[in-house]
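What follows is one structure encoded as structure tokens, with my remarks underneath.
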Amino acid sequence: TPKRPVGAAAQPAGVSAERAKASAEPAEEAAPLELLEKLMSASPADSSAAATSGARIASAGAQATGAADPESIELLYDLADGEAVTAAAPRKTVQPVQQPRTAGYARDEFIAASAKPRGALADATSGPRRGFWLDAAHAYAYPFASIGNGITAVILMIVGVVRLLVYHGPGLLPGGRLVIYGWVCWWGLRIMLYGWMASVYLRIVSETAAGNDDLPGIELSGSWLDDILYPALTYFLTFVLAMVPNIAYYILVLSGILDPNTVLLTTWTLIGIFLWPMFMLLFALGVWRMIFRPDLILMTVAQSFPAYAAVWGALLISSSLMVGQMVEDVFLQFGVDPFAYLPDMFQSFWGGMGLEVIYVYLTIVSMRIIGLYYLHFKRKFAFKLE
């Protein structure tokens, strides 16, 4: 057994006896590293076992090296004499958390499929970046919020003016008469212009509902039926369905069952415009069958009435011009001129062109707010659109 250096602290008798016993015993075949691991895992109460383990490690280390190194063996004895050491837990590597690309609502996959995504904003997962009321106020700047939006809005306004000229085309000709071929071309051009504008309006609703901030561009990638005729019929059908109470009332008046009443006519017209945003939203998102569930529609409107009232107010301003153009004769029969409230500057030819530009601008804003209504309040809908 190796001697301690002079001046070293004396060890307890029990520990020295254990060392002497360990030196006399033949070394076990266990590897020194395994014994050292057992030594490190021993509890402080097992001091005798720790000393024995240290002696075994010293003896095994001497045989493993072929020569007894007194300093090394004494060091192992010192380890055996001390308290058991608990190995420290390995340091955990902290992995950085990847932040999502955008915050807010998750992009609705069904609405994304209904819309026609375009650009980087359409490809990213996105949702409302502002509150609804701030978004609704921002909608009035939406047509010119970017260069691309501004170019598309100006083109829409130009097409709207051309459509108005075509609409009044027969009245600009002598006698207001055209040959049959001219009538076919006239109606064909009207449908084409109206259908293209209707497709853009419906896409504004669907892409806004999908979280897109871009105004849909000029796109005629499909067939004439898909890009022109179908959107025109859809846009017109939503208006007709919303105006069913008004149409029914007008039929009853014409048949003599009811007397003409300006208040009732105006009331039914306002109710029709109130229903129009929801019908347009359902058709734009491809779930038109929900119009046969008025209970769920009214429940949805009731759960988000202030926001829906804002949508209605925005659409009321723009649609009043369209309703005035489409049913002007009906209002005149009731003794109401829908354009009598307009300033004199809009009664002229150029004033009418300016009024059409305002109408296109307000319609873009209205379609934007309809899409925002779904984007912000889809969790309050009484039905799922997936």
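For the sequence shown, this note's numbering gives the first residue as 676, with consecutive numbering after it. Just so you know, even glycine gets a beta-carbon here, dropped at the ideal spot from N, CA and C.
### Query
Would you call the CB atoms of Tyr876 and Thr1038 closer than 8 Å?
Yes; because the gap between Cβ atoms is below 8 Å, this pair is in contact.
### Query
Do Val1040 and Ala884 come within 8 Å of each other at the CB atom, strictly closer than that value?
No, Cβ-Cβ distance for Ala884 and Val1040 is not below 8 Å.
#### Entry: Best match in Tyr905, Tyr869, Trp862, Asp970 for proximity to Met832 [C-alpha to C-alpha]
Considering only alpha carbons, the answer is Tyr869.
### Message
Quick check: what's the CA-CA separation for Tyr1048 versus Tyr1034?
### Response
For Tyr1048 and Tyr1034, the distance between alpha carbons rounds to 21 Å.
### Message
Am I right that Val880 and Met1042 are in contact with their C-beta atoms under 8 Å? What's the rounded C-beta distance?
### Response
That pair is a contact at about 5 Å.
### Query
Between Arg918 and Ile1045, which are expected to be in contact by the criterion C-beta below 8 Å, what is the C-beta distance as a whole number of angstroms?
For the sequence presented, residue 918 should be read as Met rather than Arg. Contact between Met918 and Ile1045 is ruled out by a C-beta separation of about 17 Å, above the 8 Å threshold.
### Message
Please classify Ser994 as buried or exposed, where buried requires at least 16 other C-beta atoms within 10 Å of its C-beta.
### Response
By the Cβ neighbour-count rule, Ser994 is buried, with 16 or more other Cβ atoms within 10 Å of its own.
#### Entry: From Leu809, Asp889, Asn887, Tyr842, residue whose alpha carbon lies closest to that of Met867
Out of Leu809, Asp889, Asn887, Tyr842, Tyr842 has the C-alpha closest to the C-alpha of Met867.
### Task
Specify, as a first and last residue, the run of the alpha helix (DSSP H) that Val1032 falls within.
From DSSP, the alpha helix (DSSP H) with Val1032 extends over 1024-1052.
### Task
With distances taken Cα to Cα, identify the nearest neighbour of Leu809 among Thr941, Ala985, Phe1056.
Taking Leu809 as reference, the option from Thr941, Ala985, Phe1056 with the minimal CA-CA separation is Ala985.
### Query
Since Arg964 is in the alpha helix (DSSP H), which residue starts that stretch and which ends it?
In the DSSP assignment, Arg964 falls outside any alpha helix (DSSP H), carrying neither H nor E.
### N-terminal and C-terminal residue of the alpha helix (DSSP H) that Phe911 is part of
Segment 905-917, the alpha helix (DSSP H) holding Phe911.
#### Entry: Three-pair Cβ contact test at 8 Å for the stretch 921-928 versus the stretch 941-956
The stretch 921-928, when compared against the stretch 941-956, does touch it at the 8 Å Cβ threshold.
### Message
Here's a check: name, in chain order, each residue in its chain whose Cβ is nearer than 6 Å to the Cβ of Met1028, leaving out the five neighbours to either side.
### Response
Answer for Met1028: Val836, listed in chain order.
### Task
Kindly indicate the opening and closing residues of the alpha helix (DSSP H) around Tyr842.
Taken as a continuous stretch (DSSP letters only), the alpha helix (DSSP H) holding Tyr842 covers 822-842.
### Message
Judging by CA-CA distance, which residue of Leu933, Ala820, Val915, Ala989 is the nearest neighbour of Phe958?
### Response
Among Leu933, Ala820, Val915, Ala989, the Cα nearest to that of Phe958 belongs to Val915.
#### Entry: Beta carbon of Ala1057 nearer than 8 Å to that of Phe807
Phe807 sits away from Ala1057, with the two beta carbons spaced by 8 Å or more.
### Message
Let's see if you can read the secondary structure: which residues bound the alpha helix (DSSP H) around Leu945?
### Response
Unbroken alpha helix (DSSP H) run through Leu945: 937-959.
#### Entry: Residue of Leu973, Val938, Thr909 minimising C-alpha distance to Gly961
For Gly961, the nearest C-alpha among the options comes from Thr909.
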